[in-house]
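K.L.:
This is the structure, below, for whatever I ask next.
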Amino acid sequence: MGAALAYLFIQGIGVWGNNAPVYWAWDITNFVWWIGIGHAGTLISAILFLFRQKWRTSINRFAEAMTVFAVLCAGLFPAIHTGRPWFDYYLFPIPNQMDMWPNFKSPLMWDVFAVSTYLTISVIFWYVGLIPDLATLRDRSKNLTRKRVYGFFALGWRGAHRHWQHYERAYLIFAGISTPLVLSVHSVVSFDFATSIVPGWHTTIFPPYFVAGAVFSGFALVMTLMLICRSIFKLHNIVTIKHLDLMNKFMLGVSLLVGYAYAMEFFIAWYSANPYEQWVFFHNRLGWGQLDSKGNWGPLWWAYYAMVFCNVIVPQIFWFKRARTSVPIMLIASILINIGMWFERFVIIVTSTYQDFLPSSWGMFHPTLIDILTYLGTFGLFFTLFLLFVRWLPMIAIAEVKGNLPGAHPDLHALQAHDEEPDAAAAPVPAE
Amino acid sequence: MANETKKPALYLAEYGTPNAIARAAMRVRDAGYQKWDCHTPYAMHGMDEAMGLKPTRIGYISFIFGMIGLATAVFMMNYTNAFSFNLLNIGAGYPLVVGGKPPGAFPSMVPIIFELGILLCGLSTFFGLLAIIKLPRHNHPIFESERFEAASDDRFFISIEVGDQKFNLDGTKALLEATDPISLELIEEEVR
Numbered sequence: 016m017g018a019a020l021a022y023l024f025i026q027g028i029g030v031w032g033n034n035a036p037v038y039w040a041w042d043i044t045n046f047v048w049w050i051g052i053g054h055a056g057t058l059i060s061a062i063l064f065l066f067r068q069k070w071r072t073s074i075n076r077f078a079e080a081m082t083v084f085a086v087l088c089a090g091l092f093p094a095i096h097t098g099r100p101w102f103d104y105y106l107f108p109i110p111n112q113m114d115m116w117p118n119f120k121s122p123l124m125w126d127v128f129a130v131s132t133y134l135t136i137s138v139i140f141w142y143v144g145l146i147p148d149l150a151t152l153r154d155r156s157k158n159l160t161r162k163r164v165y166g167f168f169a170l171g172w173r174g175a176h177r178h179w180q181h182y183e184r185a186y187l188i189f190a191g192i193s194t195p196l197v198l199s200v201h202s203v204v205s206f207d208f209a210t211s212i213v214p215g216w217h218t219t220i221f222p223p224y225f226v227a228g229a230v231f232s233g234f235a236l237v238m239t240l241m242l243i244c245r246s247i248f249k250l251h252n253i254v255t256i257k258h259l260d261l262m263n264k265f266m267l268g269v270s271l272l273v274g275y276a277y278a279m280e281f282f283i284a285w286y287s288a289n290p291y292e293q294w295v296f297f298h299n300r301l302g303w304g305q306l307d308s309k310g311n312w313g314p315l316w317w318a319y320y321a322m323v324f325c326n327v328i329v330p331q332i333f334w335f336k337r338a339r340t341s342v343p344i345m346l347i348a349s350i351l352i353n354i355g356m357w358f359e360r361f362v363i364i365v366t367s368t369y370q371d372f373l374p375s376s377w378g379m380f381h382p383t384l385i386d387i388l389t390y391l392g393t394f395g396l397f398f399t400l401f402l403l404f405v406r407w408l409p410m411i412a413i414a415e416v417k418g419n420l421p422g423a424h425p426d427l428h429a430l431q432a433h434d435e436e437p438d439a440a441a442a443p444v445p446a447e
Numbered sequence: 002m003a004n005e006t007k008k009p010a011l012y013l014a015e016y017g018t019p020n021a022i023a024r025a026a027m028r029v030r031d032a033g034y035q036k037w038d039c040h041t042p043y044a045m046h047g048m049d050e051a052m053g054l055k056p057t058r059i060g061y062i063s064f065i066f067g068m069i070g071l072a073t074a075v076f077m078m079n080y081t082n083a084f085s086f087n088l089l090n091i092g093a094g095y096p097l098v099v100g101g102k103p104p105g106a107f108p109s110m111v112p113i114i115f116e117l118g119i120l121l122c123g124l125s126t127f128f129g130l131l132a133i134i135k136l137p138r139h140n141h142p143i144f145e146s147e148r149f150e151a152a153s154d155d156r157f158f159i160s161i162e163v164g165d166q167k168f169n170l171d172g173t174k175a176l177l178e179a180t181d182p183i184s185l186e187l188i189e190e191e192v193r
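Listed in order, the protein sequences are those of chains A and B. So for the first sequence, the numbering used here puts the first residue at 16; every next one is plus one. So for the second sequence, the numbering used here puts the first residue at 2; every next one is plus one.
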């Protein structure tokens, strides 16, 4: 990936397949895909926390790590797609000698703020969750270097209840602000498209549609990685079939939401009676209706069918309990869903632009080798970070799982009733 | 470093079950101690009451800084895109008309106002948390104890510090011994 990026910086964006009508192609597809994957981590750690879904503790650390790494991969694409990344600092309101300020009315500026806020908050949320577990690692490791390194990052945590008290509230606040944040980030990403006038982009359904898609793809990747780690590290007692069953039910539900959004887009395209909109949906995506001069279907129709197959048809298998509890089936389904979600972004971006308004300005998009290398490179970055995480950090939230065990919390009423009998004279004195 | 002497720092009592430490905590609370704490491997619910702690106030910090974030965003965007005065010589903004929308149009500011509010709220919660609980601190005398390593594993501890007004070596020891701890030790810290 480094080589592909170096070549890109030297030569410019021309080395990608992007061209006159298709200004955004794989770069933004990959950006939206990666950032969408990140969303499931926040959803699991924040929204399920607010809903008191205790089963989340088995998977949340994992999913949060995935969020952080996926957002790092995502952030790369907008930075390099500007073509001259050394001028990216123009995007921030830094006082400069040119008296030049960003245009805050642009959704691309909103994106800069949304994604950088999202990365910052995700990292903090992840780290705060890690502190008690780092203390455990500090106390359990035998090697002095490791003890010092873990100890440094554990900040001298000593499990004091006067700390836990504030810690728990801070964690709740993080969950509370991450929930609207995660919804806003993908909504802002969808504004990049929805505020334009390009047919297929200019729709009001985009924010919820993008958020549902993001959660869907993220859950699928959590599932893929979790299944692999579960079998390698023998985590069957912590991540039980019941957890996987719940996740599959969740994916089935979100798949129906996504399917509804696809259907609604088509309804609106038909109902709008807008010929450009209809051309994009029925010709470019479905391949129906008018044939081109050579009598062929729209050249990218297969991408649309791949997307519908992977995202809407494949998850229907989760109606069956046997499929929800079968590891091979869910592994294959989750990989297919990830492929499908990549195609969703590709369909939205490329099939909307390659034949938009005037036939004289139509074009076609072909990915180049550099496109492919850059995309594969982000996988390398993601998995390197992920494997380092699995190697060095606790991939299960130790302290949270302990707190969920039966009998983990004292039964104060029983204790008080018991205590009042022998020494009733010791009346409770307010401590502070 | 040769002439180091040691002085007592705290008593450390160890318990094996949540109910045992909760009962002990209520006894220590009722005895009127202030500078004491419970050390548990996870956040134990009900200990606020057992220790007689006041509710945390970290939410105020988050709220105030969240509001500052919102206000900063409103100011920043209006300064750079809606007005043209030069504040503190950082360079004047210029009124910007894009897509026929007037300078300072509010709807297009909403996303960034929201994001900046969240960002400041999150950062202040994190640093506010560290400030309130006075971490990072790596040199606490409690780490002198070998047994204390289990506080992040599967044991529960109560510590009572020497600095407490009610602390005296014999009385406090008697109080803790009455709560049936698994072990009780006096931790000493080095004095230079």
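Backbone N, C-alpha and C fix where the C-beta goes; we use that ideal spot for every residue, glycine too. From a predicted model like this one, the values you see are computed outputs, not experimental measurements.
Considering only residues of the same chain and omitting the five flanking positions on each side of B/A3, which have a CB-CB separation below 6 Å?
P.N.:
Position 2 of the second sequence holds residue 3 of chain B. Bear in mind that a pLDDT of 49 at B/A3, under 50, signals an unreliable position, so the model cannot answer this.
K.L.:
Please report the straight-line C-alpha distance between A/L198 and A/V226, rounded to a whole angstrom.
P.N.:
Taking the first residue of the first sequence as position 1, residue 198 of chain A is located at position 183. Taking the first residue of the first sequence as position 1, residue 226 of chain A is located at position 211. Each residue's alpha carbon lies about 6 Å from the other.
K.L.:
Where DSSP assigns a beta bridge to A/P195, which residues make up the other side?
P.N.:
Reading the first sequence from its first residue, position 180 is the one you call residue 195 of chain A. A/P195 pairs with nothing; no bridge assigned.
K.L.:
Which class does A/E280 belong to by DSSP, given the choice of helix, strand or coil?
P.N.:
Start at 1 with the first residue of the first sequence, and residue 280 of chain A comes out as number 265. Correct three-state label for A/E280: helix.
K.L.:
In the DSSP assignment, the alpha helix (DSSP H) including B/C122 goes from what residue to what residue?
P.N.:
As a first step, residue 122 of chain B is located in the second sequence; it is residue number 121 there, counting from the start. Its alpha helix (DSSP H) spans residues 111-133.
K.L.:
Can you tell me which of A/M241, A/G268, A/V295 puts its alpha carbon nearest to the alpha carbon of A/M214?
P.N.:
Mapped onto the first sequence, residue 214 of chain A falls at position 199. Reading off the sequence shown, one finds Pro at residue 214 of chain A, where the question assumed Met. Answer by Cα proximity: A/V295.
K.L.:
Go through its chain and collect everything with a Cβ distance to A/W125's Cβ below 7 Å, but skip five positions before and after it.
P.N.:
Here residue 125 of chain A refers to the residue found at position 110 of the first sequence. Hits under 7 Å: V203, F206.
K.L.:
I want to verify the contact list: residues of chain A whose CB lies under 9 Å from the CB of B/K102, in sequence order.
P.N.:
The sequence position of residue 102 of chain B within the second sequence is 101, counting from 1. Result: K120.
K.L.:
Assuming the contact rule is C-beta atoms closer than 8 Å, A/I136 and B/I119 should be a hit. Round their C-beta distance to whole Å, please.
P.N.:
Taking the first sequence and counting its residues from 1, one reaches residue 136 of chain A at position 121. Taking the second sequence and counting its residues from 1, one reaches residue 119 of chain B at position 118. Yes, they are in contact, since the Cβ atoms of A/I136 and B/I119 sit about 7 Å apart, within 8 Å.
K.L.:
With a CB to CB cut of under 6 Å and the five nearest residues on each side skipped, what residues in its chain are close to A/S349?
P.N.:
Position 334 of the first sequence, counted from the start, is the residue given in the question as residue 349 of chain A. Hits under 6 Å: A235, M238, T239.
K.L.:
Could you confirm whether any beta carbon from chain B is found closer than 8 Å to the beta carbon of A/D154?
P.N.:
The residue labelled residue 154 of chain A in the question sits at position 139 within the first sequence. With 8 Å as the cut-off, A/D154 counts as an interface residue toward chain B.
K.L.:
Using only CA atoms, which one of A/T57, A/K120, A/A150 lies nearest to A/I413?
P.N.:
Looking up residue 413 of chain A in the first sequence gives position 398. For the residues A/T57, A/K120, A/A150, the minimum Cα distance to A/I413 belongs to A/A150.
K.L.:
Note down, in chain order, every chain A residue with its Cβ under 8 Å from the Cβ of B/V99.
P.N.:
Counting from one through the second sequence, the residue named residue 99 of chain B turns up at place 98. Near B/V99 (Cβ distances below 8 Å), the residues of chain A are N118, K120, S121.
K.L.:
So which residues on chain C does A/Q331 lean against when the C-beta distance must stay under 9 Å?
P.N.:
Any reference to chain C falls outside this structure, whose protein chains are A and B.
K.L.:
Of all Cβ atoms in chain B, is any one closer than 8 Å to the Cβ of A/I192?
P.N.:
Your numbering for residue 192 of chain A matches position 177 in the first sequence. A/I192 counts as touching chain B.
K.L.:
Hey, would you say A/P122 sits closer than 8 Å to A/T218, going by beta carbons?
P.N.:
The residue labelled residue 122 of chain A in the question sits at position 107 within the first sequence. The residue labelled residue 218 of chain A in the question sits at position 203 within the first sequence. Going by C-beta atoms, A/P122 is not nearer than 8 Å to A/T218.
K.L.:
Using a C-beta to C-beta distance shorter than 9 Å, which residues of chain B count as neighbours of A/P425?
P.N.:
For the purposes of this step, residue 425 of chain A is identified with residue 410 of the first sequence, where counting begins at 1. Neighbours of A/P425 on chain B, chain order: T18, P19, N20, A21, I22, A23, R24, A26, M45, H46, G47, M48, A51.
K.L.:
Contact check, A/F333 vs A/K264 under 8 Å by CB: the rounded distance?
P.N.:
Locating residue 333 of chain A in the first sequence gives position 318, where the first residue counts as 1. Locating residue 264 of chain A in the first sequence gives position 249, where the first residue counts as 1. Their Cβ separation, rounded to whole angstroms, is 7 Å, which keeps A/F333 and A/K264 in contact under 8 Å.
K.L.:
I need the boundaries of the beta strand (DSSP E) containing B/Y16, first residue and last residue.
P.N.:
Taking the second sequence and counting its residues from 1, the one referred to as residue 16 of chain B is at position 15. Here the beta strand (DSSP E) through B/Y16 covers 6-16.
K.L.:
Between which residues of its own chain and B/E15 is the CB-CB distance below 7 Å, once the five residues before and five after are set aside?
P.N.:
Residue 15 of chain B sits at position 14 when you count from the first residue of the second sequence. R148, R156, F158, P182, I183, S184, listed in sequence order.
K.L.:
For A/T132, which option in A/F107, A/F358, A/G144, A/K120 has the closest C-alpha, if you only look at C-alpha atoms?
P.N.:
Translated into positions along the first sequence, residue 132 of chain A becomes position 117. Closest option to A/T132, Cα to Cα, is A/F107.
K.L.:
Counting C-beta neighbours from all protein chains within 10 Å, is the total for A/R245 16 or more, i.e. buried, or is it exposed?
P.N.:
On the first sequence, position 230 is the one that residue 245 of chain A refers to. Its Cβ being crowded by 16 or more others within 10 Å, A/R245 is buried.
K.L.:
Helix, strand or coil: how does DSSP classify A/H54 here?
P.N.:
Counted from its first residue, the first sequence places residue 54 of chain A at position 39. In this structure, A/H54 counts as helix in the three-state DSSP scheme.
K.L.:
What does a CB cutoff of less than 8 Å around B/V75 pick up in its chain, not counting 5 residues either side in sequence?
P.N.:
Residue numbering aside, residue 75 of chain B sits at position 74 when the second sequence is read from its first letter. Excluding sequence neighbours, B/V75 sits near M110, I114.
K.L.:
My assumption, with CB atoms under 8 Å, is that A/F189 sits in contact with A/F140. Please give the rounded CB distance.
P.N.:
The residue given as residue 189 of chain A occupies position 174 in the first sequence. The residue given as residue 140 of chain A occupies position 125 in the first sequence. The pair is a contact, with the Cβ atoms about 5 Å apart (cut-off 8 Å).
K.L.:
Is it the case that the region 14-33 of chain B contacts the region 56-63 of chain B, given that we only count it when at least three CB pairs across the two stretches are under 8 Å?
P.N.:
Touching, no, given that fewer than three Cβ pairs across the two stretches are closer than 8 Å.
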